[in-house]
Amino acid sequence: DQQVKQNSPSLSVQEGRISILNCDYTNSMFDYFLWYKKYPAEGPTFLISISSIKDKNEDGRFTVFLNKSAKHLSLHIVPSQPGDSAVYFCAASASGGYQKVTFGIGTKLQVIP
Amino acid sequence: DSGVTQTPKHLITATGQRVTLRCSPRSGDLSVYWYQQSLDQGLQFLIQYYNGEERAKGNILERFSAQQFPDLHSELNLSSLELGDSALYFCASSVGYSPYNEQFFGPGTRLTVL
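Sequence lines, in order, name chains A and B. Quick note, in the numbering used here, the first sequence goes up one by one and the last residue is 143. Quick note, in the numbering used here, the second sequence goes up one by one and the last residue is 822.
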């Protein structure tokens, strides 16, 4: 039962353009969402997060949008750079109950120079 | 460098065997998490320890067990290994036990069961 879904296994974008990575979730108890980035042979690293009380959070070139009614979030990278080429994991957690973080399967982003 | 160390980097073993994976958290972090990443799968949460006590449990098989020691390092024990246990095993640490705390991941241990 995949509660966090990343339906696009891969994405290719030209350098300088916008990258949009999408994520859907099914558990309405989730109230905190995160994006992690992973390079080959390394562990994931935290990128950006958003609480369910917000619908947008920005950090430099990275912006996460949350649409609670659609149970959808997206990560926008503008402008995309070759160094952004990595696997991006969407993750979610709920403040009550288990308190664990549930990860999606990841989307591999390739930024073409 | 996240500050989280995992040993060994690679492990090759046979079915039916038992292995131990080791994790040292970042200095000052009290929580340790274990995740499994199989081929084409996301990070599956296995278990969390906070300051030596089990805090949360995920989809951890009964053949797997973990503990966190007084010096806060953690070990994940995998026994009666099966081919399907081949995966990347990540350890992460955070300062607290809340899911809002940023988790810092180690580089992972790649386990191959032949």
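Just so you know, even glycine gets a beta-carbon here, dropped at the ideal spot from N, CA and C.
Apart from sequence neighbours up to five positions away, the residues of its chain that approach Gln-33(A) with a beta-carbon distance below 8 Å are Tyr-55, Thr-56, Asn-57, Phe-60, Ala-122 and Thr-132, ordered along the chain. Taking 9 Å as the upper bound on Cβ-Cβ separation, chain B lies near residues Tyr-66, Lys-68, Ala-71, Glu-72, Gly-73, Pro-74, Thr-75, Phe-76, Ser-79 and Ser-81 of the stretch 66-87 of chain A. For Leu-729(B) and Leu-822(B), the gap between their C-alpha atoms comes out near 17 Å. Between the stretch 755-763 of chain B and the stretch 771-784 of chain B, the count of Cβ pairs shorter than 8 Å is three or higher; the stretches touch. Per DSSP, Gln-725(B) has no beta bridge partner at all.
The stretch 135-142 of chain A and the stretch 34-42 of chain A touch, with no fewer than 3 CB-CB distances between them shorter than 8 Å. Only those residues of the stretch 89-104 of chain A whose C-beta falls short of 8 Å from the nearest C-beta of chain B would be listed, and there are none.
Between the alpha carbons of Val-727(B) and Leu-786(B) lies a gap of roughly 5 Å.
In this structure, DSSP gives Leu-791(B) a helical state, which the three-state scheme calls helix.
Excluding the 5 residues flanking it on each side, Gln-745(B) has same chain C-beta neighbours closer than 8 Å at Leu-751, Gln-752, Ala-795, Leu-796, Tyr-797, Phe-798 and Gly-816, in chain order.
The beta carbon of Gly-766(B) falls within 7 Å of a beta carbon belonging to chain A, placing the residue at that interface.
DSSP lists Asn-52(A) and Phe-95(A) as the bridge partner or partners of Ser-104(A). In summary, the residues of the stretch 746-771 of chain B whose CB is separated from some CB of chain A by less than 9 Å are Asp-748, Gln-749, Gly-750, Leu-751, Gln-752, Phe-753, Gln-756, Arg-763, Ala-764, Lys-765 and Gly-766, in the order they occur in the chain.
Glu-783(B) is outside the set of residues whose beta carbon lies under 7 Å from a beta carbon in chain A. When DSSP states are grouped into helix, strand and coil, Asp-114(A) belongs to the helix group.
For Phe-133(A), the nearest beta carbon of chain B is closer than 7 Å to its own beta carbon. For Tyr-808(B), the nearest beta carbon of chain A is closer than 7 Å to its own beta carbon. Here Glu-810(B) has Ser-802 as same chain residues with Cβ atoms under 7 Å from its own Cβ, once five neighbours each way along the sequence are excluded. Taking 7 Å as the cut-off, the Cβ atoms of Gly-73(A) and Phe-813(B) count as close.
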